[in-house]
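J.: Everything in the sequence shown is counted per our numbering, starting at 391 for the first residue and increasing by one.
Below is the structure I would like to discuss, written out as structure tokens.
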Amino acid sequence: MNTKRIVSYRDVFTYAGAFIALLIGSGFATGQEIMQYFAAWGFWGMAGAVVCFALLAYVGVVFISCGYHREFEKPNDIYKYFCGPYLGTFYDYFSILFIYMSYIVMVGGASATGAQHYHWPNWLGGALLAGLAMLTVVFGLKRIVDVIGKIGPAIVVLSIIVAVGALWIHRGGISTADSYVKALRAAGEIKVASTNWLLAVGSYVGFCMLWLAAFLGQVGRGARSHRDGRAGAILGAGGFSLAVILMSLAILFAMPSIEGLNHSQIPNLILAGEIAPWLANVFSVVILLGIYTTAVPLLWNVIARFAEDRTKKFTIITAVLGVIGAVIGIFLEFDVLVNYVYVLNGYVGLALLCILFLRTILGKHKELREGAPVKKFSDGTEILPEE
Numbered sequence: 391m392n393t394k395r396i397v398s399y400r401d402v403f404t405y406a407g408a409f410i411a412l413l414i415g416s417g418f419a420t421g422q423e424i425m426q427y428f429a430a431w432g433f434w435g436m437a438g439a440v441v442c443f444a445l446l447a448y449v450g451v452v453f454i455s456c457g458y459h460r461e462f463e464k465p466n467d468i469y470k471y472f473c474g475p476y477l478g479t480f481y482d483y484f485s486i487l488f489i490y491m492s493y494i495v496m497v498g499g500a501s502a503t504g505a506q507h508y509h510w511p512n513w514l515g516g517a518l519l520a521g522l523a524m525l526t527v528v529f530g531l532k533r534i535v536d537v538i539g540k541i542g543p544a545i546v547v548l549s550i551i552v553a554v555g556a557l558w559i560h561r562g563g564i565s566t567a568d569s570y571v572k573a574l575r576a577a578g579e580i581k582v583a584s585t586n587w588l589l590a591v592g593s594y595v596g597f598c599m600l601w602l603a604a605f606l607g608q609v610g611r612g613a614r615s616h617r618d619g620r621a622g623a624i625l626g627a628g629g630f631s632l633a634v635i636l637m638s639l640a641i642l643f644a645m646p647s648i649e650g651l652n653h654s655q656i657p658n659l660i661l662a663g664e665i666a667p668w669l670a671n672v673f674s675v676v677i678l679l680g681i682y683t684t685a686v687p688l689l690w691n692v693i694a695r696f697a698e699d700r701t702k703k704f705t706i707i708t709a710v711l712g713v714i715g716a717v718i719g720i721f722l723e724f725d726v727l728v729n730y731v732y733v734l735n736g737y738v739g740l741a742l743l744c745i746l747f748l749r750t751i752l753g754k755h756k757e758l759r760e761g762a763p764v765k766k767f768s769d770g771t772e773i774l775p776e777e
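See below:
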């Protein structure tokens, strides 16, 4: 038997890229999500971003490890593994509903970006996004991971460039930004994700978990190395959180000097345009790519719940649900979608986070390393379970 461990930096970066790309959807790429969950809470929001990194790294490692060792036949079986048959069934169906609603949010973000920057008809951006997402989903999970795993890191790099440029331009806002945003909150002039920054972080990680669980479980199932999968989750959480912190600070520092930024549907485009008009054009493409890289795995998660990957039934359901979601997303306000869909569902995800913590405290996390099958691949390689 040819048994060996494979450590591949390429795989680590691919897993990290897929992790990042899934989370960088319309909410992050446009800045709407960043403003409501982090920048709206001033400097406490930055503390929240650090907490967010620790929690996302934790859940990412758990989900990928669990998928690697348990090799769930159905993606959403991961909920029954953690929560038991009854609560797990609830999370199974609830997560599918939420993930589908999140796909609708992606369509809304594409419509808003196209309308604000390109002055397209309100329906065009969402229709293009839905069409591309449906085509990609039909190609299957492996192709999705390969595609979005390469786009994700590029989006993070460009987002950080815009954030650093905006921070430099508005560096004087460091002295007034915190009090200014506090006044906006008191006057109800900025949408916030919760009643305090810590609950906002909990809600944020909660809805991210509902996105990540089934998808990362399947990524872990297909990983050639447990170590690479865990490293990819940590690297992905770190890269994403760094981008969150820098974008949050950029929006926060810019608010006192840019009138109406707190009411903008796409605040990141305004920041990019201040640096250079051509950069706003480039970043608008980045936003649309960010929306695409999240919409694709979200839609795939929903379809995979009802049909086997790359079958005729899978293709038909993809077309039907893809079109229905597109129609809904085009006609609803983007910032309202983010505020209601993400925040309310995030609290349900927060309960799942508490369950994961409880299992860790009780030592149930050891099950992630027990009874793991030997990994066998088409090239004849076999990899024993890793501690």
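Idealized CB from N, CA, C, for every residue including glycine.
If you're wondering where the values come from, they're calculated on a predicted model, not measured in any experiment.
Can you list, in chain order, the residues of its chain whose CB lies under 6 Å from that of Gly761, leaving out five sequence neighbours each side?
T.: Position 371 of the sequence shown, counted from the first residue, corresponds to residue 761. With a pLDDT of only 44 at Gly761, under the threshold of 50, the placement of this residue in the model should not be trusted, and no figure is reported.
J.: Could you tell me which of Val595, Ala576, Asp699 and Glu579 sits nearest to Gly608, measuring between CA atoms?
T.: Within the sequence shown, residue 608 is the residue found at index 218, counting from 1. The sequence shown places Gln at residue 608, rather than the Gly named in the question. Taking only the C-alpha atoms, the option nearest Gln608 is Asp699.
J.: How big is the Cα-Cα spacing for Leu661 and His509?
T.: Walking along the sequence shown from the start, residue 661 turns up at place 271. Walking along the sequence shown from the start, residue 509 turns up at place 119. C-alpha separation (whole angstroms): 18 Å.
J.: For my contact list, Ala583 and Met637 are in at a C-beta cut-off of 8 Å; report their separation, rounded to the angstrom.
T.: Taking the sequence shown and counting its residues from 1, the one referred to as residue 583 is at position 193. Taking the sequence shown and counting its residues from 1, the one referred to as residue 637 is at position 247. Contact check for Ala583 and Met637: beta-carbon distance about 15 Å, past the 8 Å limit, so the pair fails to qualify.
J.: May I ask you to report which of helix, strand or coil DSSP gives Leu742?
T.: Position 352 of the sequence shown, counted from the start, is the residue given in the question as residue 742. Leu742: helix per DSSP, three-state reduction.
J.: I'd like the span of the alpha helix (DSSP H) that includes Asn658, first residue to last.
T.: Position 268 of the sequence shown, counting from 1, holds the residue named residue 658. Start and end: Pro657 to Ile665.
J.: Of all the options His616, Gly626 and Phe643, which has the alpha carbon lying nearest to the alpha carbon of Ile559?
T.: Within the sequence shown, the letter at position 169 stands for residue 559. Nearest option by C-alpha distance: Phe643.
J.: Indicate the three-state DSSP secondary structure (helix, strand or coil) for His459 in the structure shown.
T.: The residue labelled residue 459 in the question sits at position 69 within the sequence shown. His459 carries a helical assignment under DSSP once its states are collapsed to helix, strand and coil.
J.: Let me know the secondary structure DSSP gives Pro687 once reduced to three states.
T.: Mapped onto the sequence shown, residue 687 falls at position 297. Pro687 sits in a helix when the DSSP states are folded into three classes.
J.: How long is the line joining the alpha carbons of Pro657 and Val675, rounded to whole angstroms?
T.: The count along the sequence shown starts at 1 and reaches residue 657 at position 267. The count along the sequence shown starts at 1 and reaches residue 675 at position 285. Here the alpha carbons of Val675 and Pro657 stand approximately 15 Å from one another.
J.: Going by other Cβ atoms of all chains shown within 10 Å of its Cβ, with 16 needed for buried, is Leu734 buried or exposed?
T.: Here the question's residue 734 lines up with position 344 in the sequence shown. Exposed, since its Cβ has fewer than 16 Cβ neighbours within 10 Å.
J.: For Thr708, I'd like the list of residues in its chain whose CB is within less than 8 Å of its CB, leaving aside the five on either flank, ordered along the chain.
T.: On the sequence shown, residue 708 is found 318 positions in, with the first residue counted as 1. Closer than 8 Å at the Cβ level, and outside the excluded window around Thr708, lie Met524, Val527, Val528, Leu689 and Ile693.
J.: Is Ile706 closer than 8 Å to Trp601 when the C-beta atoms are compared?
T.: Within the sequence shown, residue 601 is the residue found at index 211, counting from 1. Within the sequence shown, residue 706 is the residue found at index 316, counting from 1. Going by C-beta atoms, Trp601 is not nearer than 8 Å to Ile706.
J.: May I ask you to report which of helix, strand or coil DSSP gives Trp434?
T.: Residue mapping note: residue 434 aligns to position 44 of the sequence shown, counting from 1. Helix, per DSSP.
J.: So, are the CB atoms of Phe462 and Ile468 less than 8 Å apart?
T.: Reading the sequence shown from its first residue, position 72 is the one you call residue 462. Reading the sequence shown from its first residue, position 78 is the one you call residue 468. In contact: Phe462 and Ile468 (Cβ atoms closer than 8 Å).
J.: Should Tyr732 and Glu423 be called a contact, given that it needs their Cβ atoms to be closer than 8 Å?
T.: For the purposes of this step, residue 732 is taken as residue 342 along the sequence shown, with counting starting at 1. For the purposes of this step, residue 423 is taken as residue 33 along the sequence shown, with counting starting at 1. Yes, they are a contact pair.
J.: Please classify Phe721 as buried or exposed, where buried requires at least 16 neighbouring CB atoms within 10 angstroms.
T.: The count along the sequence shown starts at 1 and reaches residue 721 at position 331. By the neighbour-count rule (16 or more Cβ atoms within 10 Å), Phe721 is not buried but exposed.
J.: Taking one C-beta from the stretch 581-599 and one from the stretch 677-685 each time, how about it: are there three or more such pairs within less than 8 Å?
T.: No contact exists between the stretch 581-599 and the stretch 677-685.
J.: Just the Cα atoms here: how many angstroms apart are Leu445 and Phe480?
T.: Locating residue 445 in the sequence shown gives position 55, where the first residue counts as 1. Locating residue 480 in the sequence shown gives position 90, where the first residue counts as 1. So the alpha carbons of these two residues sit roughly 23 Å apart.
J.: Would you mind working out which of Arg575, Trp587, Ala604 and Ser647 sits nearest Val440, comparing C-alpha positions?
T.: Your numbering for residue 440 matches position 50 in the sequence shown. Measuring from the Cα of Val440, the nearest candidate turns out to be Trp587.
J.: Quick check on Lys464: does DSSP put it in helix, strand or coil?
T.: Here residue 464 refers to the residue found at position 74 of the sequence shown. The answer is coil: DSSP assigns Lys464 none of H, G, I, E or B.
J.: Please state the DSSP three-state secondary structure of Gly474.
T.: Position 84 of the sequence shown, counted from the start, is the residue given in the question as residue 474. In the structure shown, Gly474 sits in a helix (DSSP, three-state: H, G or I).
J.: In the structure shown, what three-state DSSP assignment does Lys572 receive?
T.: As a working note, residue 572 is residue 182 in the sequence shown. Residue state, collapsed to three classes: helix.
J.: In this structure, how does DSSP classify Phe721 when only helix, strand and coil are distinguished?
T.: Taking the first residue of the sequence shown as 1, we reach residue 721 at position 331. Coil.
J.: Just the Cα atoms here: how many angstroms apart are Arg749 and Ala447?
T.: Locating residue 749 in the sequence shown gives position 359, counting from the first residue. Locating residue 447 in the sequence shown gives position 57, counting from the first residue. Cα to Cα, the separation comes out at about 17 Å.
J.: How far does the alpha helix (DSSP H) with Phe403 in it reach, from first residue to last?
T.: In the sequence shown, the residue the question calls residue 403 occupies position 13. That run of the alpha helix (DSSP H) goes Tyr399 to Leu413.
J.: Going by DSSP in three states, Arg700 sits in which element: helix, strand or coil?
T.: Working through the sequence shown from its first residue, we reach residue 700 at position 310. Residue state, collapsed to three classes: coil.
J.: CB-CB under 7 Å to Gly504, same chain, minus the five flanking residues each way: which ones, in chain order?
T.: Taking the sequence shown and counting its residues from 1, the one referred to as residue 504 is at position 114. So the qualifying residues of the chain are Trp510, Leu514 and Gly515.
J.: In chain order, which continuous runs of the alpha helix (DSSP H) of length 4 or greater are located wholly inside the stretch 587-674?
T.: 587-612, 616-644 and 657-665
J.: Let me confirm a value: Asn351 is counted as buried when at least 16 other C-beta atoms fall within 10 Å, else exposed. Which label applies?
T.: Since the first and last residues shown for the chain are 391 and 777, residue 351 lies out of range.
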